[in-house]
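Okay, so here's the structure we're looking at.
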Amino acid sequence: MSVQKACFLWMLLGGTVLLAQQTPWKAPTESSLTKIPVRYVYNEARARNLFQAQCSMCHGKSGKGDGPLSIAYKVADLATPLVQAQTNGALLWKIKQGRTPMPAFGHSLREEELWDMVCLIRTFDSESSNHTFPPDSLTKNTQN
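For the sequence shown, the numbering used here gives the first residue as 14, with consecutive numbering after it.
Printed below as a string of structure tokens:
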């Protein structure tokens with residue numbers, strides 16, 4: 014492949030990443046309404062291990078968007094009110110689906126692992142030191 018073609022492909026792919034990062038990322042309404050399953054039990058150790066292995070390279074150890082790869086991509090700070098205001102269902106959908114450059118985890122993580130990630134994101138809330146966990150409380154969830 015010529016240098017010109019390689020540069021063109023790099024610019025094209027880089028432009029795609031840039032465009033994906035600049036457009037708002039909104040979960041579909043039906044996905045946003047998804048609630049934490051009644052029988053789900055949060056496993057913090059499993060969540061932290063998964064986050065360290067799968068997410069910290071971009072999002073950083075504490076979810077601030079300051080991981081080593083954040084110099085190459087615009088990475089979300091998971092502690093911001095913008096992220097924390099999203100429903101659990103919206104966060105779950107985004108983790109499952111991914112969006113360039115974030116990979117989709119819907120096929121590689123089990124359902125309880127996906128919910129672990131949602132719940133762990135809630136612990137990054139910079140506005141609150143008193144976490145009600147999980148936010149749509151299991152006692153309020155009426156889904157079977």
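All C-beta atoms, glycine included, are put in the ideal place defined by N, C-alpha and C.
Item, Value
"Per DSSP, cross-strand counterpart(s) of arginine 112", "Met115"
"Alpha-carbon to alpha-carbon, histidine 72 and lysine 39", "19 Å"
"DSSP three-state assignment for lysine 74, whether helix, strand or coil", "coil"
"Nearest candidate by alpha-carbon position, reference leucine 63, set Thr36, Leu82 and Phe118", "Phe118"
"Neighbourhood of lysine 107 by C-beta, 7 Å cutoff - its chain only, sequence neighbours within 5 removed", "Trp38 and Ala40"
"Three-state class that DSSP yields for lysine 107 in the structure shown", "helix"
"Minimum C-alpha distance to glutamate 43 - residue among Thr100, Glu57 and Asp138", "Thr100"
"Bounding residues of the alpha helix (DSSP H) (the contiguous stretch that carries leucine 95)", "94-97"
"Nearest neighbour of glutamate 126, chosen from Lys87, Arg59, Met70 and Leu95 [CA to CA]", "Arg59"
"For threonine 136, the nearest candidate out of Ala66, Pro116, Lys87 and Val96 (CA to CA)", "Val96"
"Whether glutamine 65 touches lysine 77 by CB criterion (9 Å)", "no"
"Aspartate 138 versus alanine 103 - alpha carbon distance", "16 Å"
"Proximity of leucine 122 and glutamine 67 at Cβ, strictly below 9 Å", "yes"
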